[in-house]
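Presented below is the structure to which this report refers.
Residue numbers (the working numbering): 62 to 289.
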């Protein structure tokens with residue numbers, strides 16, 4: 062079991078400044094309902110097809126927000142806009158344009174986080190941000206995204222490499238925090254307040270490094286059921 066509040070207090074932070082997104086990928090609706098009954102309100106999913114029936118099942122439950130945390134294919138952008146309250150994984154100008162278009166058609170504004178690849182791993186999505194001396198190369202594209210009227214950039218998201226020691230994730234979280242500071246200086250009129258980083262194995266380190274959102278699944282819901 063985890064306690065984000067304790068992690069925040071140990072880091073000298075206000076627990077109210079850290080939100081927990083419970084990652085429900087791979088878990089059946091009955092397990093998700095139990096989590097909601099226990100107080101979970103921010104739920105994270107990776108795939109549109111898997112999320113849709115879960116979201117439909119929990120329609121009307123007060124305070125529940127659905128967060129898209131997985132890679133988004135362009136052809137799924139409209140469905141993402143229809144289903145999700147937040148997007149953590151905006152990773153290209155092309156995707157931003159599609160989300161902007163569809164949310165505009167729906168008459169809503171979608172809170173988004175820009176996904177940053179701070180590790181350089183080819184398996185990770187996100188804007189290439191593992192070299193600080195190349196961050197300036199991102200500015201033209203980020204500037205265009207910030208100009209989209211129907212998506213509301215709130216900050217950044219990353220995934221650290223999977224490492225046996227949670228301490229190994231610290232440099233990657235520090236890099237994302239450094240990138241946040243860089244964007245604050247370059248785009249001071251925009252909102253960069255959110256840092257979505259940290260998962261079951263390393264969320265405590267992420268909180269120490271300034272995470273405002275942690276995405277935790279296994280440590281709360283247990284292992285995902287095997288697909289028979």
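Cβ atoms here follow ideal geometry from the backbone N, Cα and C, with glycine treated the same way.
Assignment of residue 233 by DSSP, reduced to helix, strand and coil, places it in the helix class. Counted as a single uninterrupted DSSP element, the stretch harbouring residue 258 is not any alpha helix (DSSP H), since DSSP gives it neither H nor E. Within 10 angstroms of the beta-carbon of residue 184 lie fewer than 16 other beta-carbons, which makes it exposed.
Within the segment 193-229, the runs of beta strand (DSSP E) that reach at least 3 residues and sit entirely inside it are, in chain order, 212-218. In this structure, the straight-line span from the alpha carbon of residue 257 to that of residue 270 is close to 11 Å. Under the three-state reduction of DSSP, residue 119 is assigned to coil, being neither helix nor strand.
The C-beta of residue 65 has 16 or more other C-beta atoms within 10 Å across all chains shown, which makes the residue buried.
With a cutoff of 8 Å on beta-carbon distance, residue 82 and residue 105 are scored as near each other.
Judged by DSSP secondary structure, residue 139 falls within the alpha helix (DSSP H) whose first and last residues are 138-144.
Measuring C-alpha to C-alpha distances from residue 177 to each of 100, 206, 170, 189 identifies 189 as the nearest. Between the alpha carbons of residue 108 and residue 133 lies a distance of about 8 Å. The bridge partners DSSP lists for residue 105 are 84, 128. Membership of residue 176 in the beta strand (DSSP E) is indicated by the continuous run 171-178. With a threshold of 16 other beta carbon atoms within 10 Å, residue 167 falls short and is exposed.
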